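> There's a structure below that I have some questions on.
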Amino acid sequence: MSSKTEGASSFSLLHAIRNARISTKITAVYAVILFILLVIGMGAMALGVYYAFYHQAEVAIGISERQTVEKIEGGADFTPNFWDDDPVLPGVVLRVTDITGRVVFENDAHFPSLPDIEENTRIRPPFWADQSMAVADIGNSTIYHATVDVMHGGSIYTLHFLRTITAESAFLKDMQRFLLLLTAAGFLVALGAGYFLSRRVLRPIRTMMATAREIEVEDMSRRIAPAPAHDELHELAVTFNHMLDRLQQGFSQQQRFVSDASHELRTPVTVILGYSDLLARWGQTDGEVLKEGISSIRSEAENMQQLIEKLLFLARADQKRQVLHKENLELSELVEDVMRKMKLVTKQHTVTLEKNESGTIYADPVMMRQMMRIFLENSAKYTPDGGHITASCVRHGKFMLLSLGDDGIGIAPEEQSKVFERFYRVDTSRTKAEGVSGTGLGLSIATWIAEQHDIHITMDSALGKGTTIHLAIPLVDG
Ligand code: ADP
25 MSSKTEGASS FSLLHAIRNA RISTKITAVY AVILFILLVI GMGAMALGVY
75 YAFYHQAEVA IGISERQTVE KIEGGADFTP NFWDDDPVLP GVVLRVTDIT
125 GRVVFENDAH FPSLPDIEEN TRIRPPFWAD QSMAVADIGN STIYHATVDV
175 MHGGSIYTLH FLRTITAESA FLKDMQRFLL LLTAAGFLVA LGAGYFLSRR
225 VLRPIRTMMA TAREIEVEDM SRRIAPAPAH DELHELAVTF NHMLDRLQQG
275 FSQQQRFVSD ASHELRTPVT VILGYSDLLA RWGQTDGEVL KEGISSIRSE
325 AENMQQLIEK LLFLARADQK RQVLHKENLE LSELVEDVMR KMKLVTKQHT
375 VTLEKNESGT IYADPVMMRQ MMRIFLENSA KYTPDGGHIT ASCVRHGKFM
425 LLSLGDDGIG IAPEEQSKVF ERFYRVDTSR TKAEGVSGTG LGLSIATWIA
475 EQHDIHITMD SALGKGTTIH LAIPLVDG
């Protein structure tokens, strides 16, 4: 295979692993870990058993060697009496060879011959075996083999100690096979159990997926049933449902906004169309109609322009595109300036700036002006001619408390929280009848600006007595 195709196949394997189902991945990881543990466990067990068997033979040979050497050094002869006090442990074979290699004495003549054993000795004995002893494999038997030279009656003799571990070897082979089978079976069980468990654990996720697929923009009412156990999946379902709640709320708010906006725009457009029909029919001949028509169209177009400006402002605010340029401002200068201009604009009311303490705030000057103008223009709109509009700004702890009030028509208690909602207007027919035009968006814009500056708004109002707006504006040096 060329390196290019090799690279491609390893890439596609990686790709397949990455794209495999989570249940498959969990199963694979689970099975591989268990398999590794099984292999390590079984391997350690097998090694332990091997070591124990080899060690047993080593100990038997070691004891026999010591006792025999002691006996020979004690002067014992190679006669049948030599075996009297069992110098060699049961199972250990002793062969004595002279300097020519001829066997001169032994306790088991049927044991494989020394040249045979020599020939079949393993070149490299297993690492757990005593390296001073040799290991030979003859047919089905494994033989442990140690030699020691002794002086006896003036001649050198070699003592060969032999012990078979044939029975143990057979057992070890059986055990090896059994452990292999057990590992394979364990691996299969791990695969099966992993697959079953991961499918079970992930079932709620599949249910969630099915529900999520059924959720449409037209019907966002569907929710996921959280799993009964209070685990991560339960939390996921609850979080998912919360997200849907917020989306649904945002979505219906958006829908309401669009339908309210269209509704608001329809009135001026209808009026403009009505006047243009009137002008088309009578405008050329009747000067009065012409004048009234043009002025009405202009005033409706101005209303529309204002409404569109406000809608655009709120749309930018909703999309977080409304940019603020905050800086350190002397609030008293700003209040003074806004109030001076207010006096020029509304001649029908008495406009008074009662107190104007100084304080530095961190704010966008254009936005701050816009917010104050919204409250003050409302005061002017909803206060009959001859009424009073007042402002007062005092320092209080870490805040500047700015109050903007009037003694106008006031707002009924049940309406007071609603007036901050978009498009909400109290008793439109009455205000319209008095020639007051509004969009119901002013207070929403003012609230947004206040929020952007951490300004807390409270409203104090009573029907027929007037309305005061209190603003707590954080001070920079407070
Ligand atoms: P609008 O363009 O209608 O003034 P706002 O959002 O500014 O919209 O105000 C919402 C409603 O709150 C107004 O329609 C009015 O009924 C009421 N309102 C606001 N300010 C005052 C006030 N100072 N006095 C009485 N009513 C007020």
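In my numbering, the protein residues as written are 25 to 502.
Just so you know, even glycine gets a beta-carbon here, dropped at the ideal spot from N, CA and C.
Quick caveat: nothing in here was measured; it's all calculated off a predicted structure.
(1) Does the ligand ADP have even one heavy atom less than 6 angstroms from the beta-carbon of T463?
(2) Could you tell me whether any non-hydrogen atom of the ligand ADP is closer than 6 angstroms to the CB of R280?
(3) Can you tell me the Cα-Cα spacing of L71 and A153, whole angstroms?
(4) Taking the alpha-carbon of D431 as reference, which of R393, R237, T376, E475 has the nearest alpha-carbon?
(5) Under 7 angstroms, do E381 and R419 count as touching if we go by C-beta distance?
(6) Can you tell me the Cα-Cα spacing of M69 and F195, whole angstroms?
(7) Quick check for students: name the residue ranges of the beta strand (DSSP E) that lie wholly in the stretch 121-186, counting only runs of 3 or more.
(8) Give the DSSP-derived three-state secondary structure of R389 in the structure shown.
(9) For V112, which of helix, strand or coil comes out of DSSP?
(10) Is V443 near the ligand ADP - that is, is its Cβ less than 6 angstroms away from at least one heavy atom of it?
(11) Can you tell me whether I248 is buried or exposed? The criterion is at least 16 other CB atoms within 10 Å of its CB, across all chains shown.
(12) Taking buried to mean at least 16 other C-beta atoms within 10 Å of its own C-beta, is K334 buried or exposed?
(13) Specify, as a first and last residue, the run of the alpha helix (DSSP H) that P292 falls within.
(14) Are the beta-carbon atoms belonging to I473 and I497 less than 7 angstroms from one another?
(15) Less than 7 angstroms between the C-beta atoms of A120 and I85, yes or no?
(16) How many whole angstroms separate the CB atoms of L426 and L495, which I take to be in contact at a CB cut-off of 8 angstroms?
(17) Please determine, among R90, D101, E94, A253, the residue with the shortest C-alpha to C-alpha distance to L170.
(18) Would you mind sorting G177 into buried or exposed? The rule is 16 or more other CB atoms within 10 Å of its CB.
(19) Can you tell me whether F202 is buried or exposed? The criterion is at least 16 other CB atoms within 10 Å of its CB, across all chains shown.
(20) Can you give the beta carbon distance from A404 to I398, rounded, assuming they're within the 8 angstroms contact cut?
(21) Assuming contact is defined by CB atoms lying nearer than 7 angstroms, are P408 and L353 in contact in what I supplied?
(22) Kindly list the residues whose CB is nearer than 8 angstroms to the CB of Q440, restricted to its own chain and excluding five residues on each side of it in sequence; keep chain order.
(23) Straight-line CA distance for C12 to V443?
(24) Terminal residues of the continuous beta strand (DSSP E) containing D430?
(25) Suppose the cutoff is 7 angstroms on Cβ atoms and the five residues either side in sequence are ignored; what does the same chain contact list for D198 look like?
(26) Decide if N105 is buried, meaning its Cβ has at least 16 other Cβ atoms within 10 Å, or exposed.
(27) If we require 4 or more residues per run, which alpha helix (DSSP H) segments fall completely within the stretch 305-392?
(28) Quick one: grab the DSSP three-state call for R227.
(29) Look at A470 and M363 and say whether their C-beta atoms are less than 7 angstroms apart.
(30) Is it true that the CB of A44 sits closer than 7 angstroms to the CB of L215?
(31) Run the CB neighbour count on L220, radius 10 Å, all protein chains shown included, and call it buried at 16 or more, exposed below.
(32) Does M157 pass the burial test, meaning 16 or more other C-beta atoms within 10 Å, or should it be called exposed?
(33) Let me make sure I understand the geometry here. Which of P437, V450, R446, G429 has the alpha-carbon closest to that of T492?
(34) Using CA coordinates, which residue listed in L58, V93, M232, D243 is at the minimum distance from T182?
(35) For E324, count neighbouring C-beta atoms within 10 Å of its own C-beta (all shown protein chains included) and say buried if the count is 16 or more, exposed if not.
(36) So, are the CB atoms of Q272 and M244 less than 7 angstroms apart?
Checking against the coordinates, here is how it stands:
(1) yes
(2) no
(3) 11 angstroms
(4) T376
(5) yes
(6) 14 angstroms
(7) 127-130, 158-162, 165-176
(8) Position check: residue 389 holds Pro in this sequence, whereas Arg was assumed. P389: helix per DSSP, three-state reduction.
(9) coil
(10) yes
(11) buried
(12) buried
(13) 256-302
(14) no
(15) Correcting the residue type first, residue 120 is Val in the shown sequence and not Ala. No, Cβ-Cβ distance for V120 and I85 is not below 7 angstroms.
(16) 4 angstroms
(17) Looking at the sequence shown, residue 170 is not Leu but Ala. Comparing Cα positions, the closest option is R90.
(18) exposed
(19) exposed
(20) A404 to I398, Cβ: 11 angstroms. No contact.
(21) no
(22) M483, S485
(23) For the chain, the structure presents residues 25 to 502; residue 12 sits outside this window and is missing.
(24) 423-430
(25) none
(26) exposed
(27) 311-342, 355-369
(28) helix
(29) no
(30) no
(31) Before going further, note that residue 220 is Phe rather than Leu in the sequence given. By the 10 Å Cβ count, F220 comes out exposed.
(32) buried
(33) G429
(34) V93
(35) buried
(36) yes
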